[in-house]
Each structure stands twice: as C-alpha cells, then as structure tokens.
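Following: one structure in structure tokens, then a few remarks.
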Amino acid sequence: MLLTISTTATPATDLGFLLHKHPDRVQEFSQSFGTARVFYPEADESRCTAALMLEVDPVALVRSRGRNSPDFSLGQYVNDRPYAASSLLAVALGDVFRTARAGRCNARPELAEGALPLEIAIPALPCRGGPDLARRLFEPLGWECEALAVPLDENFPEWGDSRYVSLRLRGSLRLADALNHLYVLLPVLDDGKHYWIAPDEVDKLIRAGEGWLAAHPERTLITRRYLGRRRALERTAFARLAEVGDETEEALEPRIEEEKERSVPLNTLRREAVVRTLEELGAASVIDLGCGSGQLIGALLAVPRFARITGVDVSTLALTIAARKLRLERMPDAKRARLTLFQGALTYTDPRFSGYDAAVLMEVVEHVDPPRLAALERVVFGQARPVHVIVTTPNAEYNVHYEFLTGMRHPDHRFEWTREEFTAWATATAELYGYRVTFTPIGEEDPEHGAPTQMGVFTRDH
Amino acid sequence: MTIRIPELSLVVLVGVSGSGKSTFAARHFKPTQVISSDFCRGLVSDDENDQSATQAAFDLLDHIVETRLSRGLLTVVDATSVQFAARQKLIALARKHDVLCDAIVLDVPEEVAIERNAGRPDRDFGAGVVIRQRKDLRRSLGKIGRDGFRRVHVLRGVEEIDNATVSYEKAWTDKKDLTGPFDLIGDIHGCRSELETLLTELGWELTRVDGRAVGAVHPEGRTAVFVGDLVDRGPDSPGVVRLVMGMVAAGTAVCVRGNHEEKLVRALKGAKVKVAHGLEQSLEQFAAEPEEFTREAAAFLDGLISHYQLDEGRLVVAHAGLKEAYHGRASGRVRAFALYGDTTGETDEYGLPVRYPWAQEYRGRAMVVYGHTPTTKPEWINNTICLDTGCVFGGSLTALRYPSREIVSVPAEKVWYEPVKPLSAPGYRDPVTLDIGDVSGTRHIETRFGTRVKVMEENAAAALEVMSRFAVDPRWLVYLPPTMAPPETSKLEGYLEHPHEAFEEFAAQGVAEVVCEEKHMGSRAVAVLARTPEVAAERFGVTDGSAGAVYTRTGRPFFDDLGPLVARLRAACEPLWEALGSDWVALDCELLPWLAKAGELIRVQYAAVGAAAGAALPAATSALEAAAGRGLDVSELLDRARRRQDNAARFREAYARYCWPVNGLEGVRLAPFQILACEGRNTALEPHAWHLDTLSLLDDPIITPTRHLFVDLTSAESREKAVAWWEELTGQGGEGMVVKPAVHQRGRVQPGVKVRGREYLRIIYGPDYTDSLDLLRRRFLGKKRSMALREHALGLEALARLADGDPLWRVHEPVFAVLAMESEPVDPRL
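For the protein sequence lines, the chains are A and B, in the order given. Under UniProt numbering, the first residue of the first sequence is numbered 1, with each subsequent residue one higher. Under UniProt numbering, the first residue of the second sequence is numbered 1, with each subsequent residue one higher.
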C-alpha cells in the first residue's frame, strides 16, 4: 500500500526537513504487521514527493489477530490489506511521521507553522460510503478532493465499482494538520480497524483531532467509526470534544435516526397488542416461539399474571443476547422461576412446546420457507396444541406506504402476505387442526391498504 | 424352594434389618441389579446409618429404580419394605414403567435378626428397631397378597432362605426366538373365503376336514402372524377361528388378540355386553356351531395375548400397534394400547374415537405391524404399518411378507358389512415427522461403514439453525456431500499440491487403481430428481407439486425458485430412468458457473482484492521506478513490486476464468459425477467406472460431462500420463482434479483427495502465496482428513438408510450430522 505527499513550495526539498526523512535515503521502519519504507520518487527545488510504502506480512497479520478481533476481513486468507490504505497505513503513518504530526521541526520551525501547497495521493483507499463520503470528510478541512471509484474488475463492467477510491487531495495546509487528517480519516473511511479498540483510542482521537474535529460537520460519523461503534467510548469522546469546543454535549450526541422513530412505535404497538390480547384471553402460561432478543419476553415478565413464560429461538446467539438483555444472571429468583429460554426449531416437533395456554409467533412465519409452513403448522397446531395461538405478520399491501422500500421489509423474509393471503392460510390451518381464528389489524390503519401488521388469534375448539 | 420371577420385573425384598436381604440379593442377583437403601443413604450422607438422610436416600433410590426400569433392566430393591406405604411406592414405580412387580419376603425369627445386628459394628441401633420392624412385617404378612404384587414369595426361616433358588420366567409376550420368515395377515373379520384365497396365494397348503379348513402349512416353513380381529361383521367368523386355531395349535401361526375377540369372549362367557359393531353376526354364527366347538373357540380366543415380540425383538405385532416404551412390557395400559390404540379422548363426526398418531412419533428400531384402523392401502409410517385394508367393508385382505416387506392383497368378494364411514385413503400425509429429539444434543451415530460418529451438542445446535432457516425441505435432503481433503503437501519446487502425493498415498494403502476426475470449479451440488410430481409424492412424501431439488453442500437451494432448473434436469435425466430401473435419482454434481452461487463471494472477496491490487501496485511500481531513476537503491523493492503486480494479474485471471454471465438458466451447467441413489439401491458404492459410464448416457446441453482418466498405480507410465494431464488442466488455469480409488474401499482410506492447480491456489492462499511456500507447507491436514472420513461414512449411511426405505428421521439423522460436523472450525483453505 502506498501514500505519497508532494509539495511545490520552494525549495520543495524542505519537505525532507519537515518529515524528518532525508530525500536521498530509503528508510525502513519495522512494524508489527510488516515493514514501512519512506523514499522520495522526486526531489528537486520545484517539486518534492515523499512516498510511504507499507509491505504487509500477511502471516504476521493472521498471527496477531485476536479471537475477538473487530476486523473480520483479516481473518480471511485472501484480503486487501497488502494493497489498500487502511488503518494499518494510518498506524504506520502515525508512527513514522510522529514528530511531523506533532508539528515540530527544529530545522525549519517557520515552515512547520505555516501552510504549504500540498498534494496527497492514495491509489487504493478503502472507502465505505464511496467518493462522496471522502469529499464530505476532506473538503470541510480545506482540501480540494479528487476521489475516483475504482471499478471491481474492468473485465466485468456489470459488477460495478469496488469499495476503493483513488484519492488525490490538494490544498494549502499545515503539514502536521494534513498528517493528522489522514491519521484519523483513513480508518474512518475504511470503517474497520485491525486492532482491538481500547479506551486510549479516545485520547488518540482527541489529540489528533485537535483544532478541527470538534467543528467538523461529520464529527458524529467520524467519532463513531473511529471508535469502532463502541457506544461507551463514543460518549466519552463526545463529552471531551464538548469540553474542547463551545457546544454542549447534547448537541454533539448523534441524533436518533428518523427511520428508527418510525419503526420503534410499530414494534411497540405490536408488542402491546400481543400482551393485551394474551391478557384478554386469560393466558397464564405463554410460549414465545421465535423470541429473538427477548423483547416480548421482557414485556410479559413485567405482568405478574403470566406465571410461566418460555422463550424459544433457533439461534443460540439470539438466546444469548436475550439472556443478557433480560439480565438473567441478576434476575431475582421469583421472577427467574417464571422464565425458561431454550433453543428449538419450529420445523421439528418438540415435546417442550406442549402444555401452554398460549403460543405467540410474532413476526415469525414470514421467515419460514413456504414449503416448510406445513411442518410449522403441525408442530405448533398439531403437536404443541396450546389453547391459543397468536400469529402476527406484515401486511404486504401496506408496503406502498414505505417510500424507499423495494422488495420486502426484511432481507430474510421469505414472503409477505396480503390480508387475503393471511386470512386464507389462517383459516385453512385453523380448520385442519381444530381451531377458530379471528383477525385484528395492528398499527395505523389505511382505508385501502389496511394496517402495517396483521394479527390472527387462534383458539382451540376443545 | 424355587422362586420364579419375570425376566423384566421389579423385585421387592421384604424383611427386617438383619433378615439377610443383602446376603440373599448378593447370592442371587448381579451387584448392579440390587439397589439398597443403605447404599443410597451412604451416597447422600457418607454415613449408611444417618437417619436424617432417609428422605434423600429414598429419592435417589427411586430415581435409580426408575432409570433402570425405563431402560428395561431387572431391578431388585433391598430395603426393609416392611411397611405398606413403602411397598405401595415401589409398586407404583413398576406400574409407571409397565413392568411386573414381585415381592420376596424373608421371614427370620426376631432373635436371629437381633443377634446378626449385634454382631455388626455399623448397626448400633439396638433391638428396639428390629422388634418394631418385625411388628410391621407381621401386620403386613396377612394381607400382602392384596398389595398389588404379581406374586409374593414368602421364605420362612433361615434354612428355607438359604436353600432358595431363583429362576426366570420369560414374558408371555416374548417370542423373540421365532425368527420367521413370517406372513403377517391383517384384520379378517369373518371373511374366511378371502383368508383361504390369500393363504393359497401366499403358497400355504390348507388342510381340510369335512371340506372345512382346519389348518395350513407352508412348504417353506413360513409362520403366519394374525394381527387380531378375526371375528365379527363377516360371513363366517367360526370358520376363521377354526382355521387360525388349527394353525396356532400346529405351531404354524401365532395370533394376537383384537378388540373384537376381547368383546366376543366376554359375550360367549355370558357377560352382559352391548351387541353392536358386528358382534351380532358372530354370536349368531357361533350359536349354529356345536357347543363343544364354541367352548373350544372361546378358550382359544380367551388365551390370546395382546402383543408379541418376534425375531429377536426386531418385529412387534399388536392389534392396534404399540409404542416403543411398551414393547415387551406388561400392564393394563399396555394391553389397552395394544387392543384399542391410543385415543385422544375425542370423537369424530361419525362418533368414532379420534386416534392419537403414535406412529408419527415412533422412533423404535423394531418394525411394528398392526391392524385395527381400516385404510384403502397399507402405508409405512416410521417403520410401522397397518395391514387393515377393510376386507369386510369390501376392501381387500392384506398380508405383509417379512422380512422381504412385500405386500400381498386379495380383494373382498363383496361388501360384507356397510362401513360407518367411508374407508379413508391415506391421502392426508403428515407434513413432517421429524422431532427435535432426532437431531439435538450430543449424538453417537452408528454407521455400517466402520465408524461410529460422535456429533457434539454445540455443533448440532449450530446446524439446527442452518437446517431450519436455510436448508431445503428435509424430505429432499437425503444426502450431504462430505468435505474433501487435499493430499499430503508436495515437496516439489513451486508446488503446494501435486498428484504424486495422492498416488503415493493410495498406493501405500493398497489401492491398485484410481480415477482422476476433473474439478469443474463450480459449486458442489446434490440433485434429487423424480420423474414426475406423483413419484415425488409417492417416494418422498412431497405433495406440493415439486419433483426435485438441487442444493448446496450445506443444504441450501441453489435458486429461490428451483422449479425451472429441476424441470430442465428431469428432462435431461430421461435416459436414466430406464438405465437404473428407477423413477428417481440422486446425483452428486458440480453446478457451474461458480458465479451462479458464489457471485457475492467473488465480487466482495476476490474482485475487491484484485481491484485494490490493481490500483495500488502499478502506482507503487512507478514510484519505485522514479526513485531508482534518482539513483536510490530500491532494486530489491522494485523486483518485488513487479512480481507482486504479476501475481495480482494472475490472481485476477484465476477467478475470471470461472465467471461467465448467467441469465436465468441460460449459462447454467450441471456436471454430475456420481449416482448416489435410486430406488432400492445405495449406488454410491458402485465402482466409478459404472458411474461415469451410466452418466455418459446423458446428452443434453445443460449437462457437462466430467473428463476423467483411470490410473494404474503400479505403472509409472500410467502415473506420468495422469500428471501430464493434470499439468495440462491446471496449466490452462483449471481448478485441478479429484483422485479417488476406482472401487469403494473399506477402512480408513480417503474416498477422494483434491489436487488443486498452482494458479488456482492463488485465490485460496492469496495472490503472493508462491512467495511463501515454505511457510505454507507447514499446514496441518489431520483434522480435515479425519472429518472427510467421518462425513463420508455418515453420507453413505444416509444413502443406505434411504435405500432400505427407512423412515425420514432415520435418513435425516446422518444428514443432519454432516451439517453439524461442518460447523466444526477447520482451516478453510484446505
């Protein structure tokens, strides 16, 4: 991977003093993941270019990877790290040009203080967000930014662009600032770090961002990505940035995204509707089939009348998250005794599903392949046979209200039913297994397209 | 005195402390069969006399007793049991597990017991305890016969106890020593003429007295097994009983009791029963017979047992079927189940009881054959089959030949009795009979291919998610291909893998001939194809109109809608139906191009790396060239940069070769190389020459043939030819080849190893792998190779079970295990 810094200041070779690297030498710097070298492809009075080239040792990289390494691409054996300017290059740059980055230059102090005409080129910069994001991050800092997307493969133009951009920055800036911009923004654009993000990263960010980060319009994105989306660290960083700048902490906190504001109430409405229905049905024991991270379970635990609550999911990861979110470890005995969580699949009959007043399949059936629905029906209605079954599923007709939605609401949905389709399925299933079914819309109802969610409440005949 | 106890029973020893129970138990039973309360008390308190631990000790004792009984083990309880309540608890445990319960009372004089206790330092509780226990015993002895034991054996005095011996009685239901072959015959209901026709059809020779059939023998020494309901409704119940009675008496048949015999016997004995459901005909017919015969028939029918275990326990016969937990057990509810089946307590619109579908849940190894519920056609459900085809209602009389599983039927001569409700076709098929217990937890799977495979619980849990969220319908998922290991790493300059090591490995294991098959650089695919949707319904129970599936090595469908691909492939496989004599086939294949399934991987992983390299390396090279132009010493760096640029270009060529545009099915190819199974055959065991020959019958643009070469490992020339072939394949950038023993090998021989090409390996080990071969040669193959062997055994086991016509859960078990094994982490580059 390669990064070049050029200047056309006169004499341009002063760049060597600023970087503390002699233009006529090739210098080597050993890094844990490979070797960095600095050399000058051109060095004359009018123009001088320093190149930082990093040769990554992929074997060393694999070996240094921890079990919880945040950057999974390094775990793959074919990866872009030997070529792309990622956080590895940022670390090398921070290290090799440490003094320059601090703005110190005993030989030419006035040069280090002042702005220079600079040009920085990075041929392969991994950039999640494309050329546009590169511009949004660099332009507010006074750079003229030329960012070109690199195509995935010229032989297969239909594949489109890769996530790399070829970046060229021009501007008149202090060299130390330029280096700090790169030090922070390279990993931000890559959106992945090769090392574990420890709390001292906050210090590094604040130091390198001094004088520019607090005022940057994209500071939220920069902070979040730099800190690897670790919320606790983000909050510390926002607090400290607020100390640096004039703004209050709240103003710096990321806004809750609008999309969330719309979906949260539907989640809540659905959950509330299910809990209310269970109360009306007089259920005391409830099994949540497909409990996910345990949102409904949490709501059920809050209602004492639900004496026995069971959560089932096919994903052991979901169950682990549910256990954590429900604070299972710290739950008082009396409450804990009401709750059971276990792994199960709705296409396998399971004696543990039997013996409940009610079973809930909240937003579950649409994740089952249509040919397997008959198996689910038999497992739930034929074998477990709770007195009541509550099924909620999206109403496909309502999708016209989601402006940017193409296809289905979730990538794992195998189908989404119209009201008619849901009614037909529910009625046939009820008939086959001796249940009666009623239907209730959930969420704001549209006269033409119905409500966003549809709910069927099944009750056993005998 | 000889004490006779059932082979499977709970034996309760009754006697005061010091009466010699433990000594008696040790003399007559295995140490593991005897559970003593003192021992249990010791386990939970470290002190066999700690009375405060009594409750906990008995909880433990109960638990051990229950566990043993549920596993079908004779168990002896060594506790005083002098109190009624204590004995009741044990009798209840025996009933709970449907085993008989006998008591053996050891009655010794008080002073003997006291003296014995006094002589034992660990029994320091004095005479009072014994005196109290003896009082309890005396009180019990009078009425212990009414406790509920099958039999109470009382041994009085030291001498009788010392001289007693114990012998075992076989259970009435135990006819395991009858090994057949059998002709099992369904519900007859007085259809004597049809029975005679059926027996004749089956090759039996009837013996007649006064023109009436009174017996039958089969020249091949077969044994007939009647599943009950010989009588009622039909025209000649006495005639049927006469014939069956004769056969049973002559030892050429056995017969279990049906619910109609049960009721007829009571009626004949003069009990008040409601005369309905065809009993009226039987009573009328028997009234017309000589009294002598009717008495004899009643005695015969009264002596019928409710179920039998035959052929070493591999075959169980009961009139209404029997769940596994009841096989060989004895209790009122076992008998009721065998006679009437398991009912839900509900009735249907005809007023008939709704039956609980016990067969759907049946997981036993024994075949269960029964009748009782008339259907139009017998159908296997989890190794059970109902033979009642409603002869008396105008259906047919059906026999099952065992062990060949052949069905023989003769039609009813007329409708003898109008059915209450029409005979139901087994049209409603259960959509799934898989249970969580079939796959979850740590499992040991026995294969008939030399290995017993252990599946770890956490791997099964991981597989459950993949299976239930992403895999195709389990009815299609009859096989998953095993992983395949590379050969030992090559020591040849510039190579990581080379055919030489593969040939050496097989030759060292005594393989004389191998076949080298070209790897197509597609995605491994299994195609299960039925000739028609009807065949799919018949053979696989898939009734959604689909006629096949094509899935990946993790069981995922290749396309969202498999319909068009399956339709094309079924048409292409037309020549196979006749060649194989089967209406369906399962093929092991590669699906091409790689892009069709792995497009995302290629774009995100491979093309992206290529793009980064393509952008970065030329820039680096020109920067270094400029530096060199300035006289800086960068020659080594420049060499390396140029070489890496060249490697990157080769890398891009390596993946590009396997990508071509696919538009719908246009451009998709299937390359089958092995026929896994067809009706009744586990063809995977056939020699590869047969597979390749048979598959060469396929002539359709969607089929790509697999180029191959047979190699005589004893011939250097033959080997060289194969190496040259491999070099030619891989020199053009081909993925490489698979080397397999030409015929199936037993033991720990790899079923195949893959020898991948030098250029191809760039997309596995990275563009520059050729620069660090020494390091890469240290790769560890052991785990991959061991997994390949185990998964191969599991795959073959699944196919063997499929060929045997095993129920779905039996086939699913090893298939699921392959998926579970695959969640075990292993170096993905191998």
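For glycine and all other residues, C-beta sits at the position ideal for the given N, C-alpha and C.
Checklist line | Length-filtered (3 minimum) beta strand (DSSP E) runs lying within the segment 518–591 of chain B | finding: 523–530, 548–551
Can you tell me whether B/Phe125 is buried or exposed? The criterion is at least 16 other CB atoms within 10 Å of its CB, across all chains shown.
Working through the second sequence from its first residue, we reach residue 125 of chain B at position 125. Exposed, since its Cβ has fewer than 16 Cβ neighbours within 10 Å.
**Q.** is_contact[B/Val723, chain A] using C-beta, thresh 8 Å
**A.** Here residue 723 of chain B corresponds to residue number 723 of the second sequence, with the count starting at 1. Not closer than 8 Å to any Cβ of chain A, the Cβ of B/Val723 fails to qualify, so no.
Note down the Cα distance separating A/Ala345 from B/Val811, rounded to an integer number of angstroms. Taking the first residue of the first sequence as 1, we reach residue 345 of chain A at position 345. Taking the first residue of the second sequence as 1, we reach residue 811 of chain B at position 811. Looking at the two C-alpha atoms, the distance is approximately 19 Å.
*Close beta carbons around B/Pro741, own chain, < 7 Å, minus the five adjacent residues each side*: Numbered from 1 along the second sequence, position 741 holds the residue referred to as residue 741 of chain B. Counting only Cβ-Cβ distances below 7 Å, and skipping sequence neighbours, we find Phe506, Val511, Val514, Val749.
Through-space distance from A/Ser315 to B/Leu676, alpha-carbon basis: On the second sequence, residue 676 of chain B is found 676 positions in, with the first residue counted as 1. On the first sequence, residue 315 of chain A is found 315 positions in, with the first residue counted as 1. Cα-Cα distance, rounded: 32 Å.
Looking at the structure shown, is B/Tyr655 part of a helix, part of a strand, or coil, going by DSSP?
By one-based count along the second sequence, residue 655 of chain B stands at place 655. Reduced to three states, the DSSP call for B/Tyr655 is helix.
Member of B/Glu727, B/Pro701, B/Phe673, B/Gly142 whose CA lies at the smallest distance from the CA of B/Arg707
Here residue 707 of chain B is taken as the residue at index 707 of the second sequence, counted from 1. Per the Cα distances, B/Phe673.
For B/Met367, three-class secondary structure by DSSP
Residue mapping note: residue 367 of chain B aligns to position 367 of the second sequence, counting from 1. DSSP, reduced to helix, strand and coil, places B/Met367 within a strand of the structure shown.
- Figure out for me which residue from B/Gly757, B/Trp690, B/Leu665, B/Asp435 has the closest Cα to the Cα of B/Pro807. Counting from 1 along the second sequence, the entry for residue 807 of chain B is found at position 807. Selected option, being the one with the closest Cα: B/Asp435.
Could you pull the DSSP bridge partners for B/Asp102 from this structure? Looking up residue 102 of chain B in the second sequence gives position 102. In DSSP, B/Asp102 forms a bridge with B/Val11, B/Arg151.
Subject >> C-alpha gap between A/Asp333 and A/Leu289, whole angstroms >> reply: The count along the first sequence starts at 1 and reaches residue 333 of chain A at position 333. The count along the first sequence starts at 1 and reaches residue 289 of chain A at position 289. If you take the alpha carbons of A/Asp333 and A/Leu289, they lie about 24 Å apart.
Quiz item: Just reading off the beta strand (DSSP E) that B/Gln309 is part of, what are its end residues?
Solution: Walking along the second sequence from the start, residue 309 of chain B turns up at place 309. Unbroken beta strand (DSSP E) run through B/Gln309: 307–310.
What do you reckon, are the CB atoms on B/Ala607 and A/Leu125 nearer than 8 Å?
Here residue 607 of chain B is taken as the residue at index 607 of the second sequence, counted from 1. Here residue 125 of chain A is taken as the residue at index 125 of the first sequence, counted from 1. The answer is no: Cβ separation not under 8 Å.
- Task: Look up A/Asn180 in the DSSP assignment and say whether it is helix, strand or coil.
- Result: Counting from one through the first sequence, the residue named residue 180 of chain A turns up at place 180. Three-state result, A/Asn180: helix.
With a cut-off of 8 Å, do at least 3 Cβ pairs link the segment 617–628 of chain B to the segment 155–164 of chain A? no
Check: Between which two residues does the beta strand (DSSP E) carrying A/Thr7 extend?
Finding: Stepping through the first sequence from its first residue, residue 7 of chain A is reached at position 7. Taken as a continuous stretch (DSSP letters only), the beta strand (DSSP E) holding A/Thr7 covers 2–7.
State the start and end residues of the unbroken beta strand (DSSP E) segment that holds B/Lys740. Mapped onto the second sequence, residue 740 of chain B falls at position 740. Boundaries of the beta strand (DSSP E) around B/Lys740: 736–741.
Notebook entry, point to check: Does B/Leu819 come within less than 8 Å of chain A when only Cβ atoms are used?
Noted result: Residue numbering aside, residue 819 of chain B sits at position 819 when the second sequence is read from its first letter. Taking Cβ atoms only, chain A never reaches closer than 8 Å to B/Leu819, which makes this a no.
Practice item. May I have the straight-line CA-CA distance separating B/Ala530 from A/Phe353, to the nearest angstrom? Key: Taking the second sequence and counting its residues from 1, one reaches residue 530 of chain B at position 530. Taking the first sequence and counting its residues from 1, one reaches residue 353 of chain A at position 353. The straight-line gap from Cα to Cα measures roughly 35 Å.
Work out the CA separation of B/Thr343 and B/Tyr362 for me, nearest whole Å.
-> Indexing the second sequence from 1 puts residue 362 of chain B at position 362. Indexing the second sequence from 1 puts residue 343 of chain B at position 343. Distance between the alpha carbons of B/Tyr362 and B/Thr343 is about 15 Å.
Margin query: Residues of the segment 431–454 of chain B in Cβ contact with chain A at a cutoff of 9 Å, in chain order, please.
Written below: Pro431, Val432, Thr433, Leu434, Asp435, Ile436, Gly437, Asp438, Val439, Ser440
What do you get for A/Asn79, buried or exposed, if any count of 16 or more other CB atoms within 10 angstroms of its CB means buried? Working through the first sequence from its first residue, we reach residue 79 of chain A at position 79. Counting Cβ neighbours within 10 Å, A/Asn79 comes out buried, since at least 16 surround it.
- Exposed or buried, what is A/Thr406 when buried is set at 16 or more other beta-carbons lying within 10 Å of its beta-carbon? Start at 1 with the first residue of the first sequence, and residue 406 of chain A comes out as number 406. It counts as exposed.
Note to self: Against chain A, with Cβ distances strictly below 8 Å, would B/Glu590 count as a contact?
What the structure shows: Working through the second sequence from its first residue, we reach residue 590 of chain B at position 590. Closer than 8 Å: no.
Taking B/Thr621 as the reference, give the member of B/Ser36, B/Tyr495, B/Arg156, B/Val634 with the closest Cα.
For the purposes of this step, residue 621 of chain B is identified with residue 621 of the second sequence, where counting begins at 1. Taking only the C-alpha atoms, the option nearest B/Thr621 is B/Val634.
Identify the contact partners of B/Gly610 in chain A, using a Cβ-Cβ distance below 7 Å as the criterion.
Working through the second sequence from its first residue, we reach residue 610 of chain B at position 610. Chain A residues near B/Gly610: Asp153.
Quiz prompt | Cβ neighbours of A/Cys145 in the same chain (closer than 7 Å, five flanking residues each side left out) | solution = Here residue 145 of chain A refers to the residue found at position 145 of the first sequence. Cβ within range, chain order: Ala134, Arg135, Phe138, Glu139, Leu169.
*residue 919 of chain B at chain A interface by Cβ criterion, 8 Å*: Nothing can be reported for residue 919 of chain B: it is not among the residues displayed for chain B, which extend from 1 to 830.
Exercise. If you follow the beta strand (DSSP E) that B/Gly215 is part of, which residue opens it and which one closes it?
Worked result: On the second sequence, position 215 is the one that residue 215 of chain B refers to. 212–217 is the extent of the beta strand (DSSP E) around B/Gly215.
Which residue's Cα is closest to the Cα of B/Thr447: B/Val231, B/Thr75, B/Val815?
Here residue 447 of chain B is taken as the residue at index 447 of the second sequence, counted from 1. Closest by alpha carbon: B/Val815.
- Check whether the Cβ of A/Leu19 lies closer than 8 Å to any Cβ atom in chain B. For the purposes of this step, residue 19 of chain A is taken as residue 19 along the first sequence, with counting starting at 1. By this cut-off, A/Leu19 is not an interface position.
*Should A/Ala147 and A/Ala102 be called a contact, given that it needs their Cβ atoms to be closer than 8 Å?*
Walking along the first sequence from the start, residue 147 of chain A turns up at place 147. Walking along the first sequence from the start, residue 102 of chain A turns up at place 102. In this structure, A/Ala102 does not lie closer than 8 Å to A/Ala147 by Cβ.
Q.
With a threshold of 8 Å between beta-carbons, can A/Ser285 be considered close to chain B, or not?
A. Sequence index remark: in the first sequence, residue 285 of chain A carries index 285 (1-based). Closer than 8 Å: no.
*Straight-line Cα distance separating A/Gly292 from A/Pro441*: Taking the first sequence and counting its residues from 1, the one referred to as residue 441 of chain A is at position 441. Taking the first sequence and counting its residues from 1, the one referred to as residue 292 of chain A is at position 292. A/Pro441 and A/Gly292: Cα-Cα distance of roughly 22 Å.
What residues from chain A crowd round B/Asp473, counting only those whose CB sits closer than 7 Å? For the purposes of this step, residue 473 of chain B is taken as residue 473 along the second sequence, with counting starting at 1. Here the neighbours are Pro371, Arg372.
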